[in-house]
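Okay, so here's the structure we're looking at.
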Amino acid sequence: MSLNEIMSAAISGLAASQAGLRSVSNNIANVGTPGYARQTVAQATGVAAGLVNGVTVGEPARIADSFLEATVYRRAGDIGSATVTAAYLDRLQSLIGAPGAEYGLPARLDAIASSAVAMTGTQTSAQTAAGFTADVQDAITSINQLGTDVAGLKSDVQSEVGQSVDRINSLLVRINDLNGSAARLDGNGRSSAGVVDQRMSAIEELSGLVKVTIRDQPDGRVSIDTASGIPLLDNRLRQLVMPASSSFGPQTNFPVIALRFADGGATVGAATGDVLDSAAVGGKLGGLLDLRDRALPDFTEKLGVLFTGMSQTLNAASNAATTVPAPAQLLGRQSGLVGSDRLGFTGSAVFAVTSGKGALIASTTIDFSALGPATTVDAAVAAINTGLGGAATASFTGGILSITAAGTGNGVVIAQDPTAPSDRAGVGLSHYFGMNDLIRSADSPLVPSGFVPADPHGFATGEAAQIVLRDASGRAMSSYTMTGSVGPTFGDLVTELNASPIAGFGSFAMDPKGRIQFSPKPNVGGAVLSVPSDTTDRFGSGRSFSSIVQLTGASRGVASAGVRPDILANANKLGLAQLQTGVAVGAKALGTGDVRGATLYADRLAGQVDLGKNGVTSTAAFAAHLLGNAGSAAAQAKSSLDDATARRDDAVNRRDSFSGVNIDEELAQMVVLQNSYSAAARVISTASQMYDTLISMIR
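Following my numbering, the numbering of the sequence shown begins with 449 at its first residue and continues without gaps.
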């Protein structure tokens, strides 16, 4: 080997040692940098003219395992979803209140039952009745407030959805830019390790926002798809576009997040045809969509059902009782009926007029079964007036039934016949028309309608109800705007719905109580309906399609509900007595010491109520189920977060154990490189001396 070859080999060794020391110094400097993968310099034997001639040094390369990095990305998606779910469900749980707490919905519901029992005592007073009505109002207020708070949570969730979309877009732009830098460096034979580190950190943040699949490309780029295979980045950049929502109602139909192609500056262009519309996208965005479209609306739905059960239970007791003396007028609520409607009652009801001291003045028992199935509301009103013989006058105007006693100090009472009580949709006549309700709502009749398919729906041309079907994950599967164009009856509405796109996932039917229910097919179990908008109005009564057929719990009228104002202002107007039926005219029909009506409240609260698709159960049991499920969901979300955190930390530790910087290893490598550098320098020094000796010999 010539001296020139010796010198060249030594110089290449010196350069290799310098390159190695440079990588070691970079590794040590970045020992605490998140996402940094240690670098190493590849070395290969230098060969010239078939002879070994020193060493060649490559560009610095990352020490990383793509499988371990992909695992971190998957775990980041899990923890992103678990974090927001746990946070919002914990907030929901705190809004509900803990069992046994002094305040909160559980305490309000317990107070109603306790005060109802207190009224059954022999020492019942206006104070105990006032306590009962106040507890009922407090419970309704709590349900309303909770519904408002849940709507506030949905608003917060929607805001976070928007923020997440913006951050996803900015990360996609950054990754696209880094893709270009990495491809250029690799194409020029330069090291792209630093750029790839930055890209990995951006992808890790992105994977926490939406679950992604990463694929390396031959030119040094990466392509990114969602977990369901929707492309986010390949040779073309895409951006998420979310139209603004104008409202945040209990059944708001939020617009889907669409994808559009974009240039390098993130200017959006044509739509790709893909959308992100369910929790299946994973990550923080998926968790937020699940909360917005499934978890929170489901709670609101069940909250409406709870109110329905409570109002039906208490109003059933209230309408079976009366005050002493009886009120001079019984004024019902808006029933949604018109005078020409089919009455639809079977059994009998007792209509009585009593004096201020409780003596019976007049009484008539109307047998609705005997009147016949074609009897109209107007005909029934006429029969009541005939039976009372002028002692009281019944009228039906604008969908509201009223009965007014004649004579000063006289009052009106309605009672069920003891042997054959009146019945439409499972409730008595007084309860159906709300003649002596404890709870009223401006938006709902609070009882099943009792309509049959042949009854006219009464919706005018141009009125419509938008119905959306969502699967168990909250994704909108189908929607339809019902117009009533098929025909004039409720049966025609069912036919129209069963011919709509929603019918591809199940069927609609009207149950015996006049409620329209949807039965999903087995392969779409857990699907639920919502009604984002409803402009229908039955014969101008103010009663809409969704409130009449009780299609969803969110349309049960809780927002405008409350204890009847006159009872809330004066507890003496709360009925605690019952009419003594079968007594002769002039005999005592009402007694001031009668508290049988008070017992009805306690008995009804302990009894069962028909909640339609939610089954037949007691109000207390349904409340316990609803609130217990909310608590269980919050606890499960916290457990899932702990599990996701542990799994993510384990994945990060495994990745960092392989690609992270170990100070001891780097120092050991530094010693090796120092020795290599010294040896190469020694060879150069020796070769230089040999040159000097050779020159001296020549001279």
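Beta carbons are placed, not taken as given, at the ideal position from N, Cα and C, and that holds for glycine.
So residue i and residue j are in contact, right, with Cβ under 8 Å, and what is the actual spacing, rounded?
{"i": "Leu779", "j": "Ser850", "result": "5 Å"}
{"i": "Val934", "j": "Ala924", "result": "The Cβ separation is near 24 Å, so there is no contact."}
{"i": "Val1033", "j": "Ala810", "result": "7 Å"}
{"i": "Leu1024", "j": "Val1011", "result": "That belief does not hold up - the Cβ atoms of Leu1024 and Val1011 are roughly 15 Å apart, past 8 Å."}
{"i": "Leu626", "j": "Arg647", "result": "4 Å"}
{"i": "Gly610", "j": "Met690", "result": "6 Å"}
{"i": "Val829", "j": "Ser843", "result": "7 Å"}
{"i": "Val716", "j": "Ala710", "result": "5 Å"}
{"i": "Gly857", "j": "Ser803", "result": "6 Å"}
{"i": "Ala706", "j": "Ala692", "result": "Incorrect: roughly 13 Å between the Cβ atoms, too far for contact."}
{"i": "Leu1027", "j": "Val825", "result": "Actually they are not in contact, since the Cβ atoms of Leu1027 and Val825 sit about 23 Å apart, beyond 8 Å."}
{"i": "Ala1050", "j": "Ser1066", "result": "The Cβ separation is near 12 Å, so there is no contact."}
{"i": "Gly898", "j": "Lys961", "result": "6 Å"}
Do residue i and residue j have their C-beta atoms within less than 8 Å of each other?
{"i": "Gly461", "j": "Ala1128", "result": "yes"}
{"i": "Gly528", "j": "Gly792", "result": "no"}
{"i": "Pro904", "j": "Met958", "result": "no"}
{"i": "Gly859", "j": "Ala774", "result": "yes"}
{"i": "Ala492", "j": "Ala641", "result": "no"}
{"i": "Arg1125", "j": "Ser671", "result": "Checking the sequence, you will find Tyr at residue 1125 rather than Arg. No. Outside cutoff."}
{"i": "Asp583", "j": "Ile560", "result": "yes"}
{"i": "Gly795", "j": "Ala868", "result": "yes"}
{"i": "Pro893", "j": "Thr1029", "result": "no"}
{"i": "Leu399", "j": "Thr533", "result": "Nothing about residue 399 can be read from this structure; the chain reaches only from 449 to 1147."}
{"i": "Val1131", "j": "Ile651", "result": "no"}
{"i": "Phe953", "j": "Ala975", "result": "yes"}
{"i": "Leu1074", "j": "Lys750", "result": "yes"}
{"i": "Gly863", "j": "Val895", "result": "Correcting the residue type first, residue 863 is Ala in the shown sequence and not Gly. No; because the gap between Cβ atoms is not below 8 Å, this pair is not in contact."}
{"i": "Val798", "j": "Thr1040", "result": "no"}
{"i": "Ser766", "j": "Asp885", "result": "yes"}
{"i": "Arg432", "j": "Val520", "result": "Given that the chain is displayed from residue 449 to residue 1147, the structure contains no residue 432 and the question cannot be resolved."}
{"i": "Thr581", "j": "Leu1089", "result": "no"}
{"i": "Ala800", "j": "Leu819", "result": "no"}
{"i": "Leu736", "j": "Ser612", "result": "yes"}
Could you say which of the options lies nearest to residue i if we only look at CA atoms?
{"i": "Arg888", "options": "Ala810, Phe899 and Gln760", "result": "Gln760"}
{"i": "Gly668", "options": "Gln466, Arg638, Gln541 and Asp1042", "result": "Arg638"}
{"i": "Gly506", "options": "Asp919, Ala1081 and Val489", "result": "Val489"}
{"i": "Leu977", "options": "Ala765, Val723 and Pro968", "result": "Pro968"}
{"i": "Gln593", "options": "Gly552, Gln575, Asp614 and Gly628", "result": "Gly552"}
{"i": "Arg686", "options": "Leu619, Leu737 and Ser655", "result": "Leu619"}
{"i": "Val1119", "options": "Gln1028, Ala457 and Gly468", "result": "Gly468"}
{"i": "Gln782", "options": "Gly600, Thr596, Gly1005 and Asn636", "result": "Gly1005"}
{"i": "Asp526", "options": "Ser563, Ile705, Gly569 and Val660", "result": "Val660"}
{"i": "Asp891", "options": "Ile996, Arg523 and Ala822", "result": "Ile996"}
{"i": "Leu808", "options": "Val605, Gly922 and Leu1038", "result": "Leu1038"}
{"i": "Pro745", "options": "Asp919, Thr581, Ala710 and Val861", "result": "Asp919"}
{"i": "Glu1114", "options": "Ser450, Gln487 and Asp1058", "result": "Gln487"}
{"i": "Asp664", "options": "Asp1051, Ala518 and Ala828", "result": "Ala518"}
{"i": "Ser502", "options": "Ala457, Ala535, Thr813 and Ala587", "result": "The question names Ser, yet the displayed sequence has Gly at residue 502. Ranking Ala457, Ala535, Thr813 and Ala587 by Cα distance to Gly502 puts Ala457 first."}
{"i": "Gln575", "options": "Gly1079, Thr720 and Asn1020", "result": "Asn1020"}
{"i": "Ala827", "options": "Gly787, Thr715 and Ala530", "result": "Gly787"}
{"i": "Leu1059", "options": "Ala1069, Asp1091 and Gly483", "result": "Ala1069"}
{"i": "Met930", "options": "Gly922, Pro949 and Leu657", "result": "Pro949"}
{"i": "Leu733", "options": "Leu657, Ser1136, Ser573 and Gln998", "result": "Leu657"}
{"i": "Asp1148", "options": "Arg470, Thr852, Ser1080 and Val723", "result": "Only positions 449 to 1147 of the chain appear in the structure, and residue 1148 is not among them; the question remains open."}
{"i": "Ala587", "options": "Ala1071, Leu945, Ser1087 and Val643", "result": "Ala1071"}
{"i": "Asp645", "options": "Phe966, Ile964, Asn478 and Val1064", "result": "Asn478"}
{"i": "Thr812", "options": "Leu819, Ala1135, Asp682 and Thr834", "result": "Thr834"}
Would you say residue i touches the ligand ZN, meaning its beta carbon is less than 7 Å from a heavy atom?
{"i": "Gly939", "result": "Ligands displayed in this structure: none; no statement on the ligand ZN is therefore possible."}
Unbroken stretches of the alpha helix (DSSP H), 4 residues or longer, contained in the segment 813 to 848: 816 to 819 and 825 to 836
The segment 738 to 757 contacting the segment 818 to 838, beta-carbon criterion three pairs below 8 Å: no
Contact between the segment 1101 to 1111 and the segment 525 to 542 (3+ Cβ pairs under 8 Å): no
Validate contact between the segment 907 to 914 and the segment 976 to 995 using beta carbons, cut 8 Å, 3 pairs: yes
4 or more residues per run - each alpha helix (DSSP H) lying fully within the segment 544 to 584: 553 to 567
Runs of beta strand (DSSP E) lying entirely within the segment 626 to 702, each at least 3 residues, in chain order: 660 to 664, 670 to 674, 679 to 681 and 685 to 689
Cβ contact check for the segment 875 to 885 and the segment 938 to 945: 3 or more pairs under 8 Å: no
Residue ranges of each alpha helix (DSSP H) within the segment 449 to 484, 4 or longer: 451 to 477
Runs of beta strand (DSSP E) lying entirely within the segment 1004 to 1065, each at least 3 residues, in chain order: 1009 to 1011
Every unbroken alpha helix (DSSP H) within the segment 739 to 791, with a cutoff of 4 residues, ordered by chain: 744 to 767
Length-filtered (4 minimum) alpha helix (DSSP H) runs lying within the segment 846 to 895: 877 to 881
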